[in-house]
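A short worksheet on the structure shown next.
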Amino acid sequence: MGRSEVVRVPNAKIALSTASVYPERTPDAFELAARLGYDGVEIMVGQDPVSQDVDVLQRLRDHYELPIVAIHAPCLLVTQRVWGKDPWLKLRKAQAAAERLGAGTVVVHPPFRWQRDYARDFEIGLARMRDETDVVFAVENMFPLRARGNEVVPYSPDWNPLDYDFPHVTLDLSHTAVSGSDAMEMATKLGDRLAHLHLADGIGTTNKDEHLVPGRGNQPCAPMLERLANAGYGGLIVLEINTRRAATRTERIDDLAEALAFARLNFAASSARK
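Count the sequence shown with full-length UniProt numbering and you get residues 1 to 274, in order.
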């Protein structure tokens, strides 16, 4: 047996996205995250009024003594009117919320193609905002849509932020399933630009963003966590899973507990290779 190789100790937090408890609401996410032992919460700003209210979020944070580690800006089709219709205003509000709540990261999607002015200035505008704050803007990988053998990309400049000048990126493993991407290769190419991991699984069903509990799909969730741990990753790991089909609250809690156990098991506080 060869000698052990000392590997840098990672210090990433493992947090719960409030989207993971839907159709329950943002306060329920805090309750369950605290009960199960998550290190923090990512706020998915959406239709739930609490997710939009910084005062209430601050009270929840303090009551449960659970940090808010990230704000996910309202970038989805269903949240086009949340915090107004101006996409830059949404990012400004997300930044202000992050600064007030002590969250270090704002997760943002690439612009939709029909948001032409926003898309044209996206890289330059984000760079300008980075100069004004310590908050990190982590651009998330999305996926193309496919129909009758054709591929449609609804994002601009692209669904994949890999080849663009974004210093911080969110890698979502459910989205890599939909796009058919090699998640491990993407992580390698991103290097230190990988600041945020949305941990979920997927099978790769056409146009279906599944967000399965890690280990229930075909994405390299365990190898990804092990690799990041061995590299001393200090970014965020956020469980963003879909529990809306849970038949009972107990079943939802079991899914959230299983997801956290998976992440803890595969992302060790320290590791050694023989």
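By construction, the Cβ of each residue, glycine as well, lies at the ideal position given by its N, Cα and C atoms.
Hey, would you say residue i sits closer than 8 angstroms to residue j, going by beta carbons?
i	j	result
residue 14	residue 39	yes
residue 196	residue 234	no
residue 56	residue 99	no
residue 252	residue 78	no
residue 76	residue 256	no
residue 240	residue 187	no
residue 81	residue 50	no
residue 279	residue 141	Since the first residue shown for the chain is 1 and the last is 274, residue 279 is missing from the structure and cannot be characterised.
residue 180	residue 202	no
residue 279	residue 112	With the chain represented from 1 up to 274, any question about residue 279 goes unanswered, as that position is not in the structure.
residue 119	residue 161	no
residue 262	residue 214	yes
Residue i: buried (16+ other C-beta within 10 angstroms of its C-beta) or exposed?
i	result
residue 274	Note that residue 274 has pLDDT 34, beneath the 50 cutoff, so the model's placement of it is unreliable and the number below is only indicative. Exposed, since its Cβ has fewer than 16 Cβ neighbours within 10 Å.
residue 93	buried
residue 131	exposed
residue 61	buried
residue 151	exposed
residue 164	exposed
residue 89	exposed
residue 29	buried
residue 42	buried
residue 159	buried
residue 206	exposed
residue 19	buried
residue 170	buried
residue 247	exposed
Measure the alpha-carbon distance for residue i versus residue j and round it to whole angstroms.
i	j	result
residue 216	residue 102	33 angstroms
residue 266	residue 222	6 angstroms
residue 17	residue 146	28 angstroms
residue 23	residue 244	6 angstroms
residue 175	residue 63	33 angstroms
residue 139	residue 182	18 angstroms
residue 58	residue 104	15 angstroms
residue 143	residue 194	18 angstroms
residue 97	residue 258	30 angstroms
residue 249	residue 211	18 angstroms
residue 27	residue 67	13 angstroms
residue 83	residue 46	9 angstroms
residue 184	residue 264	19 angstroms
residue 125	residue 71	18 angstroms
residue 149	residue 208	16 angstroms
residue 37	residue 117	43 angstroms
residue 225	residue 44	23 angstroms
Contact check, residue i vs residue j under 8 angstroms by CB: the rounded distance?
i	j	result
residue 91	residue 69	Contact flag wrong, Cβ pair sits at about 18 angstroms.
residue 108	residue 137	6 angstroms
residue 198	residue 238	6 angstroms
residue 87	residue 115	6 angstroms
residue 268	residue 231	Not confirmed; about 12 angstroms, so no contact.
Who are residue i's beta bridge partners in DSSP?
i	result
residue 151	146
residue 170	140, 196
residue 71	43, 106
residue 112	155
residue 16	41, 239
residue 201	212
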